[in-house]
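**Q** Dropping a structure here in C-alpha cells format, bear with me for questions.
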Amino acid sequence: MDFTIKKYRQLLISLQKEGYEFITFEAYCLGKRRPKFVILRHDVDEMAGNALKIAEVESQLGIISTFFFRIVKQSNKPEVIREIINMGHQIGYHYEDLATTNGDKELAYANFQKNLAYFREFAPIKTICMHGSSTSEFDNRSLWKTYDYRDDGIVGEPYFSIDFNEVFYLTDTGYCWDGYKTAVRDTAPNNFNLSFHTTDDIIQAITEGKLPAQVMILAHTLWTDNLLKWLFVFFREKIRNSIKRASRNNAFVKKIYSGLVKLYWKND
648 MDFTIKKYRQ LLISLQKEGY EFITFEAYCL GKRRPKFVIL RHDVDEMAGN
698 ALKIAEVESQ LGIISTFFFR IVKQSNKPEV IREIINMGHQ IGYHYEDLAT
748 TNGDKELAYA NFQKNLAYFR EFAPIKTICM HGSSTSEFDN RSLWKTYDYR
798 DDGIVGEPYF SIDFNEVFYL TDTGYCWDGY KTAVRDTAPN NFNLSFHTTD
848 DIIQAITEGK LPAQVMILAH TLWTDNLLKW LFVFFREKIR NSIKRASRNN
898 AFVKKIYSGL VKLYWKND
C-alpha cells in the first residue's frame, strides 16, 4: 500500500542515502541552503493526530520539518501542536482567511492577524502557507495584493518565496503524486519534465539519480498504517478527484460539491 507511515519512512531513508540534506522552509527563506536539499512541508488540513506519527518518524531520523496548521478544529489541536514542537519541528499558519470572509480583504487581514497571534502562542512563527480552499472563488494568496505579510514578521510563503523553476515541487494532493492534474490551486510550474504517480516511483528516481537536487515535498497528514483509515481516505480522495474534474465544466456539480465541503468543515 502507498501513503502509509511505513512507506513514508522508506521515502525519507532513500533521500538520506542519496545525500539529500533536509532543511526547514524558514531556513530556505533565510538563505541557509545546501547544494542538495529537501524542504519538507506538511499541510495539516485535517486528521491532526496523523501529524504526530509523521513527526515521530522524522524525529527518529534526525529530520526537522514544518507543519502548517489551519484554524479549523479538524486541524487546530493544541495538544498535537505542542507535541510536534517538543520534537523540535517548526509550525506555521495554514491561512484561508480570504475564503472564509468571502473576499472581504479588510476582515480577512484582521482575521489573519488574529489567527497568526493565536498560533504564535505556541511558537514564534515565521512562515505561512495558503490553504487551497478549492471550492471558494477566492484565492487566499490574493490577500497579499493589498497587504504585505512581511509587516507581520513573516519571512516566507511557499508560493511567493520559492522559485519552482529551480526547486522541484512534489505534492501528494489527492493521495497521489500527480494530483496536480485535478488540483485547483496546489500547483506550481514544472520545467523538469518529471511526473510521478506513486511513492515507489519517486524512490526509484532517487536511487537512479534522476530526482533534481533541490526539492520541496508537500506531504499532507493523511498517511496512515491504520487499514480502515487508509481505505476511508483512499476511496474518499478518488471520489473527490472525480468530482473536481466533473465540476470544472458543470456548475451544478460544483455547487453541490461546494455545499458538501462547507458542511464537512462546519460539522465534523
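End of the sequence shown sits at 915 in this note's numbering; the numbers just go up one at a time, nothing left out.
Cβ coordinates follow ideal geometry from the N, Cα and C atoms, glycine included.
Here the structure is a predicted model, which means the values were calculated and not measured.
1. For a minimum of 3 consecutive residues, which ranges assigned as the beta strand (DSSP E) are wholly contained in the region 799-824?
2. Measuring alpha carbon to alpha carbon, tell me which of 690, 745, 686 and 778 ends up nearest residue 810.
3. Report the rounded CA-to-CA distance for residue 824 versus residue 845, giving the unit in angstroms.
4. Would you say residue 815 and residue 839 are within 8 Å of each other, going by their C-beta atoms?
5. By how many angstroms is the C-alpha of residue 766 removed from the C-alpha of residue 788?
6. Within 8 Å, do at least three Cβ pairs link the region 881-891 to the region 700-712?
7. Check whether the region 777-784 and the region 752-759 are in contact - that is, three or more C-beta pairs closer than 8 Å.
8. Taking 8 Å as the threshold, find out whether the region 674-681 comes into contact with the region 846-857 through three or more Cβ pairs.
9. Pick from 868, 876 and 877: whose alpha carbon is nearest that of residue 691?
10. Give me the Cβ distance between residue 693 and residue 722, rounded to the nearest whole Å; I'm assuming they're in contact under 8 Å.
11. Is it true that the CB of residue 731 sits closer than 8 Å to the CB of residue 699?
12. Taking the Cβ atom as the reference point for each residue, do residue 697 and residue 870 lie within a distance shorter than 8 Å?
13. Just the C-alpha distance for residue 975 and residue 725, rounded to the nearest angstrom, thanks.
14. Where does residue 793 land, buried or exposed, given buried means 16+ other C-beta within 10 angstroms?
15. Can you name, in chain order, every residue of its own chain whose Cβ lies under 7 Å from the Cβ of residue 717, other than the five neighbours on each side?
**A** Straight from the coordinates:
1. 815-818
2. Taking the Cα of residue 810 as reference, the smallest distance to any Cα among 690, 745, 686 and 778 is reached at 686.
3. 6 Å
4. yes
5. 19 Å
6. When Cβ pairs closer than 8 Å are counted between the two stretches, the region 700-712 is seen not to touch the region 881-891, the count staying below three.
7. no
8. no
9. Relative to residue 691, the option among 868, 876 and 877 whose CA is nearest is 868.
10. 6 Å
11. yes
12. yes
13. Within the shown structure, residues of the chain are numbered from 648 to 915, placing residue 975 beyond reach of any answer.
14. Exposed, since its Cβ has fewer than 16 Cβ neighbours within 10 Å.
15. 691, 692, 723, 741, 743 and 778
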